[in-house]
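Colleague: Handing you this structure, nothing more for now.
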Amino acid sequence: MAQPGFGLMLQRLREGRKLSLRELAQLSEVDHAYIYRLESGEKLSPSEDVISKLIRALKAGKREADMLRYLAEHADTDSTLVDMTLKDPTISYEIFASAASAVFRGTGRPDYPKLIERVRKILKDESEDG
Numbered sequence: 005m006a007q008p009g010f011g012l013m014l015q016r017l018r019e020g021r022k023l024s025l026r027e028l029a030q031l032s033e034v035d036h037a038y039i040y041r042l043e044s045g046e047k048l049s050p051s052e053d054v055i056s057k058l059i060r061a062l063k064a065g066k067r068e069a070d071m072l073r074y075l076a077e078h079a080d081t082d083s084t085l086v087d088m089t090l091k092d093p094t095i096s097y098e099i100f101a102s103a104a105s106a107v108f109r110g111t112g113r114p115d116y117p118k119l120i121e122r123v124r125k126i127l128k129d130e131s132e133d134g
């Protein structure tokens, strides 16, 4: 099973802070085995209380906190988009959420760089019009 977007992001934030599972568990007061299950995708959709504890312990910024909350509610979000967003700080939460909610037809994989640029253009055009 592929790692879900929430699990990927949680793991990257934890590793970015150089925390082990047990260290994050201690800081967040969330069981380390549960954190592992979230990261691996065995468990999905944690409660808002658990998300808040993890965000606080990870000292996540607003963008990352918003993304974690979005991913907890949208477990089917492609981890490729999550990975791309984490690597590119110029992708705002608004752009990420818009791209993540896009619907694709057929079986082809979405071209996320093109989609991100389209979303950026749409948002820019809207801000210029409004």
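Note that the sequence shown covers residues 5 to 134 in this note's numbering. Glycine included, each C-beta is placed from N, C-alpha and C at the ideal position. Keep in mind that this is a model prediction, so the values were computed, not measured.
Excluding the 5 residues flanking Val-123 on each side, which residues of the same chain have their C-beta closer than 7 Å to its C-beta?
Modeller: Start at 1 with the first residue of the sequence shown, and residue 123 comes out as number 119. Taken in chain order, the residues that qualify are Ile-99, Ser-102, Ala-103.
Colleague: At what residues does the alpha helix (DSSP H) containing Phe-100 begin and finish?
Modeller: Taking the sequence shown and counting its residues from 1, the one referred to as residue 100 is at position 96. First-last of the alpha helix (DSSP H) with Phe-100: 97 to 104.
Colleague: Taking the alpha-carbon of Glu-121 as reference, which of Ile-95, Gly-45, Val-34 has the nearest alpha-carbon?
Modeller: By 1-based counting over the sequence shown, the position of residue 121 is 117. Selected option, being the one with the closest Cα: Ile-95.
Colleague: Exposed or buried, what is Pro-117 when buried is set at 16 or more other beta-carbons lying within 10 Å of its beta-carbon?
Modeller: Within the sequence shown, numbered from 1, the residue matching residue 117 stands at position 113. Per the 10 Å Cβ criterion, exposed.
Colleague: I'd like to know whether the C-beta atoms of Ala-64 and Pro-8 end up nearer to each other than 7 Å.
Modeller: Reading the sequence shown from its first residue, position 60 is the one you call residue 64. Reading the sequence shown from its first residue, position 4 is the one you call residue 8. The answer is no: Cβ separation not under 7 Å.
Colleague: Can you tell me the Cα-Cα spacing of Ser-105 and Gln-30, whole angstroms?
Modeller: Counting from 1 along the sequence shown, the entry for residue 105 is found at position 101. Counting from 1 along the sequence shown, the entry for residue 30 is found at position 26. The alpha-carbon atoms of Ser-105 and Gln-30 are separated by roughly 34 Å.
Colleague: Could you check what DSSP says for Ala-6 in three-state terms: helix, strand or coil?
Modeller: The sequence position of residue 6 within the sequence shown is 2, counting from 1. Ala-6 falls in the coil class under three-state DSSP.
Colleague: Do Ile-39 and Leu-48 count as a contact pair if the criterion is CB distance below 7 Å?
Modeller: Position 44 of the sequence shown, counted from the first residue, corresponds to residue 48. Position 35 of the sequence shown, counted from the first residue, corresponds to residue 39. No, the pair does not count as a contact, with Cβ atoms beyond the cut-off.
Colleague: Just the Cα atoms here: how many angstroms apart are Lys-91 and Gln-15?
Modeller: Within the sequence shown, numbered from 1, the residue matching residue 91 stands at position 87. Within the sequence shown, numbered from 1, the residue matching residue 15 stands at position 11. Their backbone Cα atoms lie some 14 Å apart in a straight line.
Colleague: Since Leu-17 and Leu-75 should fall inside the 8 Å C-beta cutoff, what is the C-beta to C-beta distance between them, to a whole number of angstroms?
Modeller: As a first step, residue 17 must be located in the sequence shown, where it is residue number 13. As a first step, residue 75 must be located in the sequence shown, where it is residue number 71. No, Leu-17 and Leu-75 are not in contact; Cβ-Cβ is about 11 Å, not under 8 Å.
Colleague: Would you mind stating whether Val-34 and Lys-57 have Cβ atoms separated by less than 7 Å?
Modeller: As a first step, residue 34 must be located in the sequence shown, where it is residue number 30. As a first step, residue 57 must be located in the sequence shown, where it is residue number 53. In contact: Val-34 and Lys-57 (Cβ atoms closer than 7 Å).
Colleague: What would DSSP say about Val-34, mapped onto helix, strand or coil?
Modeller: Counting from 1 along the sequence shown, the entry for residue 34 is found at position 30. Coil.
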